[in-house]
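Visitor: From first to last, the protein sequence lines stand for chains A and B. Quick note on this note's numbering: the first sequence kicks off at 1 and runs consecutively. Quick note on this note's numbering: the second sequence kicks off at 1001 and runs consecutively. Next up is a structure, given as structure tokens.
2 protein chains.
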Amino acid sequence: MNPGILVVEDDKALCDLLTWNLSAEGYDVRSTGDGEEALLMVREQAPDAIILDWMIEQVPGIEVCRQLRKDRDTARIPIVMLTAKSEEEDRIRGLKTGADDYVTKPFSPRELMARVEALLRRSQPSLAGDMLVFGDIELDPASHRVRRGGEALHLGPTEFRLLRYFIERAGRVLSRQQILDGVWGMDSDIDERTVDVHIRRLRKAINRPGDTDPIRTVRAAGYAMDDE
Amino acid sequence: MNPGILVVEDDKALCDLLTWNLSAEGYDVRSTGDGEEALLMVREQAPDAIILDWMIEQVPGIEVCRQLRKDRDTARIPIVMLTAKSEEEDRIRGLKTGADDYVTKPFSPRELMARVEALLRRSQPSLAGDMLVFGDIELDPASHRVRRGGEALHLGPTEFRLLRYFIERAGRVLSRQQILDGVWGMDSDIDERTVDVHIRRLRKAINRPGDTDPIRTVRAAGYAMDDE
DNA sequence: AGCCATTGAAACAAAACTGTCACAAAACTG
DNA sequence: CAGTTTTGTGACAGTTTTGTTTCAATGGCT
Chain A
1 MNPGILVVED DKALCDLLTW NLSAEGYDVR STGDGEEALL MVREQAPDAI ILDWMIEQVP
61 GIEVCRQLRK DRDTARIPIV MLTAKSEEED RIRGLKTGAD DYVTKPFSPR ELMARVEALL
121 RRSQPSLAGD MLVFGDIELD PASHRVRRGG EALHLGPTEF RLLRYFIERA GRVLSRQQIL
181 DGVWGMDSDI DERTVDVHIR RLRKAINRPG DTDPIRTVRA AGYAMDDE
Chain B
1001 MNPGILVVED DKALCDLLTW NLSAEGYDVR STGDGEEALL MVREQAPDAI ILDWMIEQVP
1061 GIEVCRQLRK DRDTARIPIV MLTAKSEEED RIRGLKTGAD DYVTKPFSPR ELMARVEALL
1121 RRSQPSLAGD MLVFGDIELD PASHRVRRGG EALHLGPTEF RLLRYFIERA GRVLSRQQIL
1181 DGVWGMDSDI DERTVDVHIR RLRKAINRPG DTDPIRTVRA AGYAMDDE
């Protein structure tokens, strides 16, 4: 499924231009020239990024931005704002309000494309491909981050390697020795029971109250993460 | 050295008029009425901006534009296109192809000057798009300035390069060695811990009280810049 | 020369993380 | 069910890693 982008721009010609270009790049584009309608459209189906003209009719872009940031569901959507070159004041307020990037008019479509792509890669590594997923758990090897249900988790270095090791081998039972070899290194002379302790620490770190434990203990054999 | 401008216009009278005006403004002007020749001239010596008539003989302006955008070396040169008033269709296509601005004939030389100047101003300090943005932090590589929330910050040379390095690689964990290679140079024999010290100096410089620290420490791995 | 900003390193402090133990709890065995 | 084996937990002391301060060296500038 292609990333969805919402264009909010009341200059019809420019709006069409952007839509055309973004579509050509493979994005799923919707557009509107009205701030109110933009908010509705976002609520109806959240896009992966928003291109927002700062000077639109009815609702100022800055207000649209603020509204979006206020709602938990939409707060993390990347926003690129379009400003006229002289609107220095707006630019600053825009960044303060939570826009993620800005482009000053006039601009080349090429430039905007590049910005949008950069933002998407930054905010949604999963759209870029690299990212390990298991159920509602996401692990990003590049940024060393782990989230569950969208919420960031903090893992120590060993827990991180351990989780990664498990997700990469989801569905298989892993013996303590295998785990030691894979996570600590083949030549480690560490007690097997130490694995137990780290499994516990990992469980503690990823299971918020109410969550189901994705790690299954296999008595007399080891541990496993099950496919759903 | 004065900014160089290439005028591509086959109406001899108009071409002279533009050349005369631009020269008077202190620009270093070259001109041609032929699309093929224009491409050669650009390749020979890249101008800082191009004024391009959409309706020239031989090669259509749109094609010249496309050619220029295709080559990495010329892709970022600002282009102002000149169109007849009724050529609405061309205007759209022109912008799609990558022109940065347009002026419809007939126009006043004064107006064109203003547009060119605006484009150059934009492309000089930072090519307008070269401004690196991360959250509310702006870094202008050309003018060597950094701002956060609109407020100017003072960074030493190393801190500047460090911040730039991070913003350009936002979202990835960077090891101390990578940072040394990228910021100090591949052949530096500097202690890895020195990175820590500069990270601290950078943090001190960009985090005003109340700000959130954009630099995340990844234990046993390095540092990373993240949203939030 | 004198002053000031910058820089890399060293040293110490503060955190964060690790591996083991000892014991409790749970799961098997016959 | 009593005995055995295996796993879960909490505590802890030692290590590793990172944060911070300090300092001497360097180099630009006046």
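Using N, Cα and C, we set each Cβ at its ideal position, and we do this for glycine too. All values derive from a computational prediction rather than experimental measurement.
Which residues does DSSP pair with Val1007/B in a beta bridge?
Guide: Ser1031/B, Ile1051/B.
Visitor: Of all the CB atoms in chain A, is at least one closer than 8 Å to the CB of Gly1150/B?
Guide: Gly1150/B counts as touching chain A.
Visitor: Tell me the DSSP bridge mates of Thr1083/B?
Guide: Its beta-bridge partners are Thr1104/B.
Visitor: With a threshold of 8 Å between beta carbons, is Ala1224/B in contact with chain A?
Guide: Chain A contact via Cβ: present.
Visitor: Just checking my contact of Leu1202/B with Glu1159/B at CB under 8 Å: how many whole Å lie between their CB atoms?
Guide: Right, their Cβ atoms sit about 5 Å apart.
Visitor: Which of the three DSSP states is assigned to Thr1158/B in this structure?
Guide: Three-state result, Thr1158/B: helix.
Visitor: So what's Asp130/A in DSSP terms, helix, strand or just coil?
Guide: Coil, per DSSP.
Visitor: So Ile56/A and Asp10/A are in contact, right, with Cβ under 8 Å, and what is the actual spacing, rounded?
Guide: Ile56/A to Asp10/A, Cβ: 5 Å. Contact.
Visitor: So for Asp181/A, helix, strand or coil by DSSP?
Guide: Residue state, collapsed to three classes: helix.
Visitor: How would you call Ser1031/B, buried or exposed, if buried means at least 16 neighbouring beta carbons within 10 angstroms?
Guide: The residue is buried, with at least 16 neighbouring Cβ atoms inside 10 Å.
Visitor: In three-state DSSP terms, what is Thr97/A?
Guide: Helix at Thr97/A.
Visitor: Could you check the C-alpha separation between Asp1227/B and Phe134/A for me, to the nearest Å?
Guide: Distance between the alpha carbons of Asp1227/B and Phe134/A is about 23 Å.
Visitor: To the nearest angstrom, how far is it from the Cα of Thr1212/B to the Cα of Gln124/A?
Guide: About 21 Å.
Visitor: So Ala142/A contacts chain B; which residues on that side make the cut at Cβ distance below 8 Å?
Guide: Ordered by position in chain B, the residues that pass the 8 Å Cβ test against Ala142/A are Gly1171, Arg1172, Val1173.
Visitor: Among the residues of its own chain, which have a CB less than 6 Å from the CB of Val183/A, if the five just before and after it don't count?
Guide: Counting only Cβ-Cβ distances below 6 Å, and skipping sequence neighbours, we find Arg161, Leu162, Tyr165.
Visitor: Output needed in chain order: residues of the segment 1200-1227 of chain B with a Cβ under 8 Å from some Cβ in chain A.
Guide: The segment 1200-1227 of chain B vs chain A, Cβ under 8 Å: Val1218, Arg1219, Ala1220, Ala1221, Ala1224, Asp1226, Asp1227.
Visitor: Excluding sequence positions up to five away, which residues of its chain have a Cβ less than 6 Å from the Cβ of Ala1221/B?
Guide: So the qualifying residues of the chain are Val1173.
Visitor: Leaving out five residues on either side along the sequence, give the residues of the same chain with a beta carbon under 7 Å from the beta carbon of Ala1205/B.
Guide: Contacts found: Leu1153, His1154, Leu1155, Glu1159.
Visitor: Give the secondary structure of Ala1224/B by DSSP, where H, G and I count as helix, E and B as strand, and everything else as coil.
Guide: Looking at Ala1224/B - three-state DSSP - the assignment turns out to be strand.
Visitor: Alpha carbon to alpha carbon, what distance is there between Pro141/A and Arg216/A?
Guide: Taking the straight line joining both Cα atoms gives about 23 Å.
Visitor: Could you please give the first and the last residue of the uninterrupted alpha helix (DSSP H) stretch that includes Glu63/A?
Guide: Counting along the chain, the alpha helix (DSSP H) containing Glu63/A begins and ends at 61-70.
Visitor: Asp1136/B touches chain A at which residues, Cβ-Cβ below 7 Å?
Guide: Those within 7 Å of Asp1136/B in chain A are Leu95, Lys96.
Visitor: Leaving out the 5 sequence neighbours to the left and right, which residues in its chain are closer than 8 Å to Val80/A when beta-carbon positions are compared?
Guide: Excluding positions up to five away in sequence, the list reads Ala49, Ile50, Ile51, Leu52, Ala99, Asp100, Asp101, Tyr102, Val103, Leu112, Arg115, Val116, Leu119.
Visitor: Out of Trp1054/B, Met1225/B, Arg1219/B, Ile1199/B, point me to the one whose CA is closest to Ile1137/B's CA.
Guide: Closest option to Ile1137/B, Cα to Cα, is Met1225/B.
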